[in-house]
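Visitor: Mind looking over this structure? Questions follow.
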Amino acid sequence: MSDSVYRDIAYNGAWKQNPGVVQLIGLCPILAISTNLVNAVSLGLATILVMAVANLAVAALRNLIPYEIRIPIFILIIAALVTVVDLAFNAWLHSLYLVLGIFVPLIVTNCIVLARVEAFAAKNPVWESTFDGVMMGVGLVIVLALLGALREFIGAGTLLSGIELIVDGAQPVQILPADYPGFLIAILPPGAFFLLGCLIAGKNWLDARAAARARPVRPPAQSVPT
Amino acid sequence: MSEPGPLGLSLRAGLVLFAFALAFTTLMALTYNATKDTIAASTEEEKMKLVNEVLPPGDYDNALLADYVEAPPAPLLGVDRPARIFRARKSGAPAALVLEAVAPDGYSGAIALLVAVRANGEIAGVRVTSHRETPGLGDYVDIRKDRNKSRPWITRFNGLSFGSLAEARWRVKKDGGEIDFVSGATISARAVTHAVARALKYALENRDKLFSAPSQSRL
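Residue numbers (our numbering), protein chains in the order written: chain A, 10 to 235; chain B, 9 to 227.
Structure representation (structure tokens):
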């Protein structure tokens with residue numbers, strides 16, 4: 010398979026079809042967990058893992074799954090794999106589990122996993138599907154990191170709070186003065202909607218600007234085909 | 009193969025679904041079996057780490073996690089199922105009780121606590137083990153989220169007893185008690201304060217019974 014296929018998958022996941030700001034699926038965990046940067050990125054990393062595994066399994070089994078009952082089978086596969094990932098994490102990567110562990114079962118409720126399995130992995134070969142899962146996860150991480158950082162900065166005036174639970178000796182960064190009273194709405198659910206709206210608007214603005222630049226200056230009729 | 013009728017189709021679908029369910033249930037069962045000992049060991053380690061936070065390891069010399077009694081559900085502890093109460097002993101003499109308590113009236117649901125009560129009726133330490141208080145507001149009851157690192161709020165209870173602070177004064181200052189709180193987040197502090205006082209009361213009332221019961225028995 011050529012490189013351009015992978016490039017398209019990467020571009021789709023991280024930007025064009027970004028699950029966080031374009032497809033707008035999987036909002037439940039996004040809005041619930043993005044109260045600070047560390048939590049947001051942790052959830053994103055766990056999502057990458059689950060999506061890669063789910064896409065891999067479904068793509069590998071896609072020829073065995075009858076079309077009529079594919080959805081229950083997908084759900085069965087995703088739920089089983091999340092359980093397996095959760096148990097394996099707990100047993101063999103316990104220090105990481107203490108940080109990401111609570112997010113892994115949450116991911117089963119994230120419809121982005123089912124959406125990618127249905128839209129991509131059910132029709133595509135194994136490695137492309139795995140890569141699609143990873144890149145959709147990366148797109149989600151980008152949105153989650155931005156949203157988490159913004160909410161934490163506006164809401165509490167800090168960044169990276171909770172990092173000391175992951176990296177020994179690391180300290181959160183206090184950006185605004187320590188007596189900053191906090192702006193609670195950024196941390197509460199409505200703040201997540203407001204800021205996600207701003208991110209979507211920002212992405213659309215960038216896209217519109219790029220489209221305006223790409224438009225030929227002279228009328229198309231006069232342009233010379235290259 | 010000839011074209012199957014509707015009955016054949018649904019029969020086939022059912023069989024495929026059954027096969028997938030069987031295969032993935034087997035996968036889960038195998039993973040569960042392969043991981044359960046490791047998980048149990050790390051859960052135990054976690055518990056020990058938490059117990060060490062409320063009770064200094066030097067204050068007892070028995071195998072604390074193995075020396076417990078199953079206490080029946082008690083309204084004072086806020087739990088509705090039998091709870092394990094761990095007993096710390098130093099050279100055989102009672103040193104402290106470690107009990108789990110629940111504050112049902114947190115701002116967003118129950119706050120689970122681990123409370124260590126010394127045999128002399130003093131609180132050795134309290135930790136919040138799980139909660140859903142508002143991030144950045146009520147979550148200072150959890151020591152890891154408390155922004156006051158030099159003197160976290162929850163350590164306020166260390167060394168307190170009904171002797172040094174009359175039972176009626178175990179309230180946040182807003183309610184006329186002695187316990188500080190962060191303004192704007194009274195409910196979390198109030199819930200924890202009341203739950204700690206109730207747990208202490210329970211420990212005092214049942215102290216002798218709890219210490220003399222045989223290990224791993226039901227009270």
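Glycine included, every Cβ here is placed at the ideal spot set by N, Cα and C. Since the structure is predicted, the reported quantities are computational estimates derived from the model, not experimental observations.
Quick one: any contact between the stretch 58-65 of chain A and the stretch 180-194 of chain A, if contact means 3 or more CB pairs under 8 Å?
Guide: They do not touch, by the three-pair rule.
Visitor: If you pair each beta-carbon of the stretch 187-205 of chain A with each one of the stretch 78-88 of chain A, do three or more pairs fall below 8 Å?
Guide: No: the two stretches stay apart, fewer than three of their Cβ pairs being nearer than 8 Å.
Visitor: Going residue by residue through the stretch 10-51 of chain B, where are the continuous beta strand (DSSP E) segments of at least 3 residues, counting only ones entirely within it?
Guide: Segments of the beta strand (DSSP E) lying fully in the stretch 10-51 of chain B: there are none.
Visitor: Using a Cβ-Cβ distance under 9 Å, would A/P199 count as near chain B?
Guide: Stepping through the first sequence from its first residue, residue 199 of chain A is reached at position 190. False, the Cβ-Cβ gap to chain B never drops below 9 Å.
Visitor: Between A/D216 and A/N21, is the Cβ-Cβ spacing less than 9 Å?
Guide: Reading the first sequence from its first residue, position 207 is the one you call residue 216 of chain A. Reading the first sequence from its first residue, position 12 is the one you call residue 21 of chain A. Not in contact: A/D216 and A/N21 (Cβ atoms no closer than 9 Å).
Visitor: I'd like to know if B/S50 contacts chain A, where contact means its C-beta is closer than 9 Å to some C-beta of that chain.
Guide: The residue given as residue 50 of chain B occupies position 42 in the second sequence. True, the Cβ-Cβ gap to chain A drops below 9 Å.
Visitor: Just the Cα atoms here: how many angstroms apart are A/E127 and A/Y76?
Guide: Position 118 of the first sequence, counting from 1, holds the residue named residue 127 of chain A. Position 67 of the first sequence, counting from 1, holds the residue named residue 76 of chain A. One C-alpha to the other measures close to 11 Å.
Visitor: How would you label A/L155, buried or exposed, when you count the other beta carbons within 10 angstroms and need 16 or more for buried?
Guide: Translated into positions along the first sequence, residue 155 of chain A becomes position 146. Buried is the call here.
Visitor: So for A/Y106, helix, strand or coil by DSSP?
Guide: As a working note, residue 106 of chain A is residue 97 in the first sequence. Reduced to three states, the DSSP call for A/Y106 is helix.
Visitor: Within the 9 Å Cβ cut-off, does B/I47 reach chain A?
Guide: On the second sequence, position 39 is the one that residue 47 of chain B refers to. Cβ-Cβ to chain A under 9 Å: yes for B/I47.
Visitor: Starting from the C-beta of A/V147, find all residues in its chain whose C-beta is less than 7 Å away, skip the five residues before and the five after it, and write them out in chain order.
Guide: By one-based count along the first sequence, residue 147 of chain A stands at place 138. Around A/V147: G22, A23 and I57.
Visitor: The beta strand (DSSP E) that contains B/T137, what's its start and end?
Guide: One-based indexing of the second sequence puts residue 137 of chain B at position 129. Segment I131 to S138, the beta strand (DSSP E) holding B/T137.
Visitor: Do the stretch 92-104 of chain A and the stretch 31-45 of chain A meet, that is, are 3 or more Cβ pairs less than 8 Å apart?
Guide: Cβ pair count under 8 Å is below three, so no.
Visitor: List the endpoints of the continuous alpha helix (DSSP H) containing A/I84.
Guide: Looking up residue 84 of chain A in the first sequence gives position 75. That run of the alpha helix (DSSP H) goes R79 to W101.
Visitor: Residues in the stretch 21-52 of chain A with C-beta within 8 Å of chain B's C-beta atoms, listed in sequence order?
Guide: Flagged, chain order: T44 and N45.
Visitor: Is the beta carbon of B/A91 less than 9 Å from the beta carbon of B/A82?
Guide: The residue you call residue 91 of chain B lines up with position 83 of the second sequence. The residue you call residue 82 of chain B lines up with position 74 of the second sequence. Contact: yes.
Visitor: If you measure between the beta carbons of A/V112 and A/I42, is that distance less than 9 Å?
Guide: Here the question's residue 112 of chain A lines up with position 103 in the first sequence. Here the question's residue 42 of chain A lines up with position 33 in the first sequence. The sequence as given places Phe at residue 112 of chain A; Val does not occur at that position. Yes; because the gap between Cβ atoms is below 9 Å, this pair is in contact.
Visitor: Should B/S191 and B/E141 be called a contact, given that it needs their Cβ atoms to be closer than 9 Å?
Guide: Taking the second sequence and counting its residues from 1, the one referred to as residue 191 of chain B is at position 183. Taking the second sequence and counting its residues from 1, the one referred to as residue 141 of chain B is at position 133. Their beta carbons are not under 9 Å apart, which means B/S191 does not touch B/E141 by this criterion.
Visitor: Between the alpha carbons of A/F162 and B/K153, how many angstroms are there, rounded?
Guide: The residue labelled residue 162 of chain A in the question sits at position 153 within the first sequence. The residue labelled residue 153 of chain B in the question sits at position 145 within the second sequence. When rounded, the distance between both Cα atoms is 16 Å.
Visitor: To the nearest angstrom, how far is it from the Cα of A/I34 to the Cα of A/V152?
Guide: As a position in the first sequence, residue 34 of chain A is number 25, starting the count at 1. As a position in the first sequence, residue 152 of chain A is number 143, starting the count at 1. Each residue's alpha carbon lies about 12 Å from the other.
Visitor: Within 10 angstroms of its Cβ, does B/M56 collect 16 or more other Cβ (buried), or is it exposed?
Guide: In the second sequence, residue 56 of chain B corresponds to position 48, counting from 1. Counting Cβ neighbours within 10 Å, B/M56 comes out exposed, since fewer than 16 surround it.
Visitor: Using a Cβ-Cβ cut-off of less than 7 Å, list which residues of the stretch 24-43 of chain B approach chain C; keep chain order.
Guide: Here chain C cannot be found, since the structure's protein chains are A and B.
Visitor: Grab me the residues of B/A74's own chain with a C-beta within less than 8 Å of its C-beta, minus the 5 sequence neighbours each way, in chain order.
Guide: Numbered from its first residue, the second sequence carries residue 74 of chain B at position 66. Taken in chain order, the residues that qualify are S223 and Q224.
Visitor: Just tell me which of B/F170, B/E61 and B/G144 has its CA closest to the CA of B/E213.
Guide: On the second sequence, residue 213 of chain B is found 205 positions in, with the first residue counted as 1. For the residues B/F170, B/E61 and B/G144, the minimum Cα distance to B/E213 belongs to B/F170.
Visitor: Under 9 Å between C-beta atoms, does A/P186 make it to chain B?
Guide: Position 177 of the first sequence holds residue 186 of chain A. Closer than 9 Å: no.
Visitor: Mind pulling the chain A residues with CB within less than 7 Å of B/L145?
Guide: Taking the second sequence and counting its residues from 1, the one referred to as residue 145 of chain B is at position 137. Residues of chain A passing the Cβ test: L193.
Visitor: Would you please state the rounded distance, in angstroms, between the beta carbons of A/V91 and A/I74? I believe it to be under 8 Å.
Guide: Translated into positions along the first sequence, residue 91 of chain A becomes position 82. Translated into positions along the first sequence, residue 74 of chain A becomes position 65. Incorrect: roughly 18 Å between the Cβ atoms, too far for contact.
Visitor: In whole angstroms, give me the CA-to-CA distance for A/P114 and A/K25.
Guide: The sequence position of residue 114 of chain A within the first sequence is 105, counting from 1. The sequence position of residue 25 of chain A within the first sequence is 16, counting from 1. Straight-line Cα distance between these residues: approximately 28 Å.
Visitor: Quick check on A/Y20: does DSSP put it in helix, strand or coil?
Guide: As a position in the first sequence, residue 20 of chain A is number 11, starting the count at 1. Of the three classes helix, strand and coil, the one that applies to A/Y20 here is helix, per DSSP.
Visitor: Residues of chain B with CB under 9 Å from A/L96, in chain order?
Guide: Looking up residue 96 of chain A in the first sequence gives position 87. Per Cβ cutoff of 9 Å: M36, T39, Y40, A42, T43, K44 and I47.
Visitor: Under 8 Å by Cβ, that's how I've got B/R95 and B/Y76 pegged, so tell me the actual separation to the nearest angstrom.
Guide: By one-based count along the second sequence, residue 95 of chain B stands at place 87. By one-based count along the second sequence, residue 76 of chain B stands at place 68. Their Cβ separation, rounded to whole angstroms, is 7 Å, which keeps B/R95 and B/Y76 in contact under 8 Å.
Visitor: According to DSSP, is B/A82 part of a helix, a strand, or is it coil?
Guide: Numbered from its first residue, the second sequence carries residue 82 of chain B at position 74. Here B/A82 sits in coil by DSSP.
Visitor: Considering A/K212, what are the terminal residues of the alpha helix (DSSP H) in which it resides?
Guide: Reading the first sequence from its first residue, position 203 is the one you call residue 212 of chain A. Note, A/K212: alpha helix (DSSP H), P198 to A223.
Visitor: Would you call B/A207 buried or exposed, if buried means 16 or more other Cβ atoms sit within 10 Å of its Cβ?
Guide: For the purposes of this step, residue 207 of chain B is identified with residue 199 of the second sequence, where counting begins at 1. B/A207 comes out buried.
Visitor: Could you say which of A/S138, A/A219 and A/P198 lies nearest to A/V14 if we only look at CA atoms?
Guide: One-based indexing of the first sequence puts residue 14 of chain A at position 5. The residue with the shortest Cα to Cα distance from A/V14 is A/S138.
Visitor: Taking Cβ positions only, does B/T142 come closer than 9 Å to chain A?
Guide: Residue mapping note: residue 142 of chain B aligns to position 134 of the second sequence, counting from 1. At least one chain A Cβ lies under 9 Å of B/T142.
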